[in-house]
Every structure is written in structure tokens, then in C-alpha cells.
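Per full-length UniProt numbering, the sequence shown runs over residues 1 to 197.
C-beta atoms are modelled at their ideal positions from N, C-alpha and C, and glycine is treated no differently.
Reviewing the structure listed below.
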Amino acid sequence: MSSAGVIALAPMTEDLAFLPIRFDGSRSAHCFSGSQLQDSILIFLAVPGAPPMPMSVLGTDSIASVKLRIQRFKGFVVTKQRLVLDGHELARNNCPVKDYGLADGNVLHLVIRLADLRVINIETASGKKFQFQVDQTRNVKYLKSKLAVEGDEDLDSLEDDDKLEYEGEVLEDHQLIADISNKDDAVIHLFIRKPAK
């Protein structure tokens with residue numbers, strides 16, 4: 001049997017979360033009204049580490065609404081998202097996507113800004129080590145709460161009198177992570193004061 005003239009097509013994997021939602025709650029690529037159908041644009045969202053995902057948008061959708069859909073279904077916070085088309089960032093959030101020239105088949109690149117994250121290594125007095133990625137606008141009290149949640153049974157009840165120390169200086173609960181150290185890989189020592197029994 002000859003295969004001349006036969007083209008094999010691989011099925012397109014659809015991430016249904018990015019396709020429009022009908023009023024009955026089901027998702028369909030064909031749920032636009034007549035005027036919306038003409039304005040519908042099928043683009044592909046490129047996320048690092050994953051194949052491009054199809055996403056249906058309207059030409060009148062704002063960049064902000066596209067970012068909100070990405071946040072809702074992929075978990076990337078809107079303020080950390082950068083959408084790039086042909087090397088240019090789509091920075092005007094209130095601007096409709098059609099104003100940027102977005103057309104069927106375009107690949108929209110999602111860039112996640114991680115510059116606000118700080119890697120914090122915590123070492124307890126007993127030598128246990130923990131590592132957290134924390135937004136530098138958070139405070140020391142937040143760091144203590146993360147340690148209580150993700151630490152072990154000895155740390156699950158950190159009190160206000162338990163102290164974190166950095167380079168010999170005791171850190172106050174209200175201090176911001178950004179104010180503690182300019183180095184990305186800061187080691188913060190935790191000293192736990194347990195009440196006498």
C-alpha cells in the first residue's frame with residue numbers, strides 16, 4: 001500500500017482551561033456569538049518548560065483579562081507576568097489585544113518575573129537547615145509562619161518570643177526581607193527560646 005498523498009496529522013492537545021466557557025459551565029471552542037466568532041483569535045501561549053498551549057481570545061479582550069485567565073488556570077500571579085509577542089512586551093494592560101496586532105496562530109510568550117523573590121536559608125541552633133523562596137516585600141513574621149508550616153514537629157508552634165538572627169543582629173517581626181540582606185543567599189539563624197519546665 002502506498003502512502004503517497006497521505007498526510008499524517010498529530011492531534012493538537014488542547015488545554016481546555018484556555019478555551020471560552022459557555023453559560024452552562026461547559027467549555028467549547030465554538031461558544032461565541034456571531035459577532036464574537038468573527039473577533040475570535042486562536043493564539044498559542046508558550047510557557048517555559050511546557051509545549052505551547054492553545055488559547056482562544058477575543059480581539060476586544062484586554063491584556064489584563066488575558067493575564068487574569070492565565071492566573072486563574074496556571075497560577076502565575078498577574079503582577080509577575082510579562083506577555084511578549086515578537087520580542088515586544090504587551091505592557092499596556094487596558095489595551096485590547098487587537099491593538100497589538102495579535103492574530104490567529106501567533107505565539108505569545110509568558111515570562112515570569114522572579115526578581116522579587118529572595119532565597120533564604122534558615123539554620124536552627126540544633127543544625128537543622130531549611131530553604132525558602134520568599135517575596136522580599138514579606139516580613140520576618142511571615143518567614144516564621146512559613147517555617148512553622150513547612151518545618152518539623154519541633155517548630156510547629158513558633159512563639160512571638162522566638163527570635164531569628166542575621167549576622168548577630170536579632171530580627172524584629174515587622175522587618176521586611178528586603179531590609180535584612182542585599183545578598184540573595186542569606187543564611188538566617190533561628191534561636192528558639194523554650195520556656196523552662
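Burial state of residue i (16 or more Cβ within 10 Å)
i, result
"residue 200", "This structure cannot speak to residue 200, because the chain is shown only from 1 to 197."
"Val119", "exposed"
"Asp133", "The displayed chain sequence assigns Gln, not Asp, to residue 133. Exposed."
"Val97", "buried"
"Val66", "buried"
"Ile177", "buried"
"Asn94", "exposed"
"Ile43", "buried"
Cα-Cα separation between residue i and residue j, rounded to whole angstroms
i, j, result
"Gly87", "Ile122", "39 angstroms"
"Lys141", "Ile180", "13 angstroms"
"Val57", "Gly105", "12 angstroms"
"Gln81", "Ser62", "14 angstroms"
"Glu165", "Arg113", "29 angstroms"
"Val107", "Gln175", "42 angstroms"
"Thr124", "Val170", "14 angstroms"
"Pro54", "Leu45", "6 angstroms"
"Gly168", "Leu143", "18 angstroms"
"Thr60", "Ser145", "43 angstroms"
"Glu150", "Lys128", "13 angstroms"
Residue i: first and last residue of the uninterrupted alpha helix (DSSP H) it sits in
i, result
"Arg72", "63-74"
"Val149", "140-150"
"Leu179", "Strictly speaking, residue 179 in this sequence is Asp, with Leu absent from that position. Element bounds for Asp179: 177-180."
Counterpart residues of residue i in DSSP-defined beta bridges
i, result
"Ser40", "Leu58"
"Leu45", "Met53, Leu108"
"Leu171", "Leu164"
"Gln131", "Asn121"
Continuous beta strand (DSSP E) stretch holding residue i: start and end
i, result
"Leu164", "163-166"
"Arg82", "81-85"
"Val119", "117-124"
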